[in-house]
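Take a look at the structure below.
Written out as structure tokens, the structure is:
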């Protein structure tokens, strides 16, 4: 699938402020950035660097005054298979070392506090895909998608009590319950086709049968239409803007459009790799 | 300096439990493991893997029943310089990408909640070494080293209110205040010479002038005598034992002895590298 | 029903410490203290005062060194009816003014945080007895009675996440869910017949159809065999010992025995008053 | 001093909602309501009841649709003396029973969590007025008066970390530190002369030398010009509007004007009672 993504962010910085922006499409398995343009407002300089582990491309700089970032790209997304119930969780000793942190608690995911609940609620379900799907069902049944309930400091414990939140909150509670159930899970920031209203989206991935499987706990956008920006332990790692001080957002605009027709896409994209080991790949049939 | 370290841990696992143990001396800059032995109780198998980024060597396995780990090693530690006030903090755009996560909030370090306090208390102090030293002074003045106040779920916010805790708590609040003040900071698990009573120690490092500087916020042990085990965002990443379920600790014993005489050590260890860029190095004069 | 209650508490006070003990059977509707003795260790003086609102009798004093309190009493308990589903909750404007605080959040009962969950889970159930019974069923299904999970600072939010605790925790979550569902609810400290092992018990009361109905959210002891000590908003108000500083408990022993035979009791105790307006009364037929 | 107070509140209730409004001047020692008018919008009925303990006069009703409350009153306020350093705190056994709850933790005042900090920071200061004044100085030095930092769920622990808030937050932290230091303290809602911009004000009282002494931890308004509405353990008890469900505030307007000239007032108001025992009295010389 080919999609055109665009975002516009504008801010007012009262004083020079160290800033990281994560808005560029990642150079990551599962997607190819065919073309892109980044336009910063006059006089603004940001350095781009690519995280060698995640493929995220961060923009960094000390920003002051009125600043805008305009980003446009055409991205080809490889096929993504929905999480199957039969994929297995590996014993810890068989996990790649770099996956281990995604079993641990993080700022918004106090996994240690949810071990009892996870065992009570999901402990009897086959570990692996079936259990992750049960957690997604639980989130769907027990959380309401509502703006204005959560704030930037709300974590999974707050959302578990509130029973409401936005994509970030669904993702935090999903990450927490998966990790507390023994399933490695990491947060993903993405552009999402068909998200209404359009916005940066927070979803997550679980590591099963040797690959990362993308899921959307809000069920608001199809995983096939997501363009990955960054991944990390939780929203702290994947925020589209991280600053060392206060800043006023004056504008934010996100758009995603599909460029190829749905029918055509189905016909031409043929995954060659074994889905269970690299489910989110971009390799296609010639 | 050469030290002999040893630890003995014993546990009772009611059922087979996925486990990670971080007790081996790291293969990291600043120290050389000259010799070591690891003895697991009969029938226990754990796989060793080295984290390519941190040099930490993790033992992983599914453990059941009564299990003990005995570890002994002789480690040569390179010289470590105390943090000087004049070292500088780099702008974010000049930081290595892998340092960025150590500016962010983590499970026990809710940096986002401490931005105001950090600005109020330390904002007027020269960023860099001087500010980090001011934070260490603040911890020394405002926290009491007391067992039994904190638990495994206590984070920096709790310690800030309690004004008391153990090495882990001092470290969490130190990490939080440094990050909230713009100084990258990461937690370090170590064996520590002269710690009384002997125990696994939690300390931290700040990234200034291009290098990581080790500090002990409890001021209970000299940084020169520490053998690094692992580093990470906070205690969640560097626990000496992480398990997927409940476990009963039945024994824990740590010991560290210096093998060379202090005078001799001073004579033979000559750092060759520029301290401000790689302060904790093991390279020595021939 | 006539029961004999006894408790023995012993403490070691490192320095003179202001103390309130709530161990005496209350002079409250629903029970008559037929005889009692209180023995304090040598040299200890505590003043008794009766709270005119609750009937609780508090012992107060500045205690130092080793102190013991021995209390024994024979108490006649009036009949108590189980909460019927059909009792109604009054509109706020019809509630006695002194009942209003029991609708509000308190230290361990953050009612404001549970409004959404309460509405989601219990909002469709008839307000009044039916809804309170649904809350009790929810607690029974979703909480495990386990020692060692909660501490003295655990509130209803922690218990909601942990899904486990002791009588105090069940009571806090029950109080919180009732108040968040519009039902006035207050905590009650009691001696409880048939509690195994014997201990001070924390239960609660809901205000419906103009009277307070006693319920035991742990279902560990029959409400008919409870001797009331004090009531209040939550455990902060009804602790058996409140001190201005640290104290070491060296002994604690509670016992409750039934004096009359069950059959006899049924024969002689005849409630005359309308249960729905004063359900926990001690008035009996002559 | 004679002041004219007025408030106008307007709300939009999506559905009939149980509501308590606390806007009327209390019938309490220290002030006399000379005249007053309350105007509710058409069709709205609220019952007034007076809390026999606090003298607060609550309006209660089930409100629906657009509702406004307009209140105007002329109130004569007795003299209030500033808290003197030499007033003493009584031993717990000498406190009136009804004062005891004001030593305990409440929803927004987790006193139990602040015992260590209070002892560390204020333990060496003479208990009583001197210590309460030291707490007020600490608040003044360590907190910034800033809108937008706190929310309706923020308690003293949050404010202690944020180091910023509004009158309610200053009051919660003040109450918490006083109680944790052994000084009974209760929250007071008031109309305040000279508060800019005019608003409902939250202040507090400490119980020393047998009387309640009013203090304003924000130092934004003189205690002499305050008209008491209600008191309680914290903001949960004294909110100007408490509802059983969501409601939209559409208007809020508060005004306080002094009717007599400052000079005249000084001449005619002569407190007859001993200030140390009933500091906030309205009794005047004939």
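Protein chains in written order, with the working numbering: chain A, 852 to 1137; chain B, 852 to 1137; chain C, 852 to 1137; chain D, 852 to 1137. A virtual CB, placed ideally from N, CA and C, is assigned to each residue, including glycine. Computed from a predicted model, the values in this text were never measured in an experiment.
Closer than 8 Å to chain A by CB, residue i
i: residue 863 of chain C; result: no
i: residue 938 of chain B; result: no
i: residue 955 of chain B; result: yes
i: residue 1116 of chain C; result: Model confidence at residue 1116 of chain C stands at a pLDDT of 42, short of 50, so the residue's coordinates are unreliable; what they give is reported in the following sentence. So, not an interface residue.
i: residue 913 of chain B; result: yes
i: residue 879 of chain B; result: no
Closest residue to residue i among the options (Cα-Cα distance)
i: residue 1045 of chain C; options: C:1060, C:1106, C:1088; result: C:1106
i: residue 877 of chain B; options: B:937, B:1040, B:1065; result: B:1040
i: residue 959 of chain A; options: A:1037, A:897, A:989, A:1060; result: A:1037
i: residue 889 of chain B; options: B:1020, B:985, B:899; result: B:899
i: residue 963 of chain B; options: B:907, B:1102, B:1028; result: B:1028
i: residue 1099 of chain A; options: A:1085, A:1111, A:1108, A:916; result: A:916
i: residue 1086 of chain A; options: B:861, B:952, B:930; result: B:952
i: residue 971 of chain C; options: A:1004, A:1013, A:1083; result: A:1013
i: residue 1056 of chain C; options: C:942, C:986, C:973, C:943; result: C:986
i: residue 1024 of chain B; options: B:930, B:965, B:903; result: B:965
i: residue 906 of chain D; options: D:1034, D:1020, D:938, D:884; result: D:884
i: residue 957 of chain C; options: C:967, C:1004, C:984, C:1015; result: C:1004
i: residue 1061 of chain A; options: A:929, A:886, A:881, A:940; result: A:940
i: residue 942 of chain B; options: B:932, B:954, B:933, B:1073; result: B:954
i: residue 1020 of chain D; options: D:1076, D:999, D:1034, D:1101; result: D:999
i: residue 1031 of chain C; options: C:969, C:853, C:859; result: C:969
Where residue i meets chain B, residues with beta-carbon distance less than 7 Å
i: residue 1012 of chain D; result: 964, 965, 968, 1008, 1011
i: residue 908 of chain A; result: Near residue 908 of chain A there are no residues of chain B at all, since even the closest Cβ is about 10 Å away, more than 7 Å.
Closer than 8 Å at the beta carbon, the chain C residues around residue i
i: residue 871 of chain D; result: 943, 951
Proximity test, Cβ basis, 8 Å: residue i and chain B
i: residue 1150 of chain A; result: What is shown of chain A runs 852 to 1137, which leaves residue 1150 of chain A out entirely.
i: residue 1022 of chain A; result: no
i: residue 971 of chain D; result: yes
i: residue 1015 of chain D; result: yes
i: residue 876 of chain A; result: no
i: residue 900 of chain A; result: yes
i: residue 1132 of chain A; result: For residue 1132 of chain A, the predicted model reports a pLDDT of 37, less than 50, meaning its position is unreliable and no value from the coordinates is stated.
Proximity test, Cβ basis, 8 Å: residue i and chain E
i: residue 961 of chain B; result: In the structure shown, chain E does not exist; the protein chains are A, B, C and D.
Interface flag, residue i vs chain D, CB-CB below 8 Å
i: residue 1084 of chain B; result: no
i: residue 1019 of chain B; result: no
i: residue 1004 of chain C; result: yes
7 Å Cβ cut-off: residues of chain C touching residue i
i: residue 958 of chain D; result: 956, 957, 958, 961
Proximal residues of chain B, C-beta to C-beta of residue i below 9 Å
i: residue 1095 of chain A; result: 943, 954, 966, 1033
Contact list for residue i against chain B, beta-carbon separation under 8 Å
i: residue 948 of chain A; result: 900, 901, 902, 903, 909
Quick check: the stretch 943–956 of chain C against the stretch 1087–1104 of chain C, are there 3 or more CB pairs under 8 Å?
no
Across the stretch 904–912 of chain B and the stretch 864–874 of chain B, are there enough close Cβ pairs to call them in contact, namely three or more that are closer than 8 Å?
yes
Could you please tell me which residues of the stretch 976–991 of chain B, in chain order, have their CB closer than 9 Å to any CB of chain A?
none
So if I threshold CB-CB distances at 8 Å, which residues from the stretch 1029–1052 of chain C count as touching chain A?
When CB distances to chain A are screened at a threshold of 8 Å, not a single residue of the stretch 1029–1052 of chain C falls below it.
State whether the stretch 1045–1056 of chain B contacts the stretch 975–982 of chain B, with contact taken as three or more CB pairs (one from each stretch) at a distance under 8 Å.
no
Count the C-beta pairs between the stretch 1063–1071 of chain D and the stretch 986–1001 of chain D that are closer than 8 Å, then say yes if the count reaches three, no if not.
Judged by Cβ distances under 8 Å, the stretch 1063–1071 of chain D makes contact with the stretch 986–1001 of chain D, as three or more pairs qualify.
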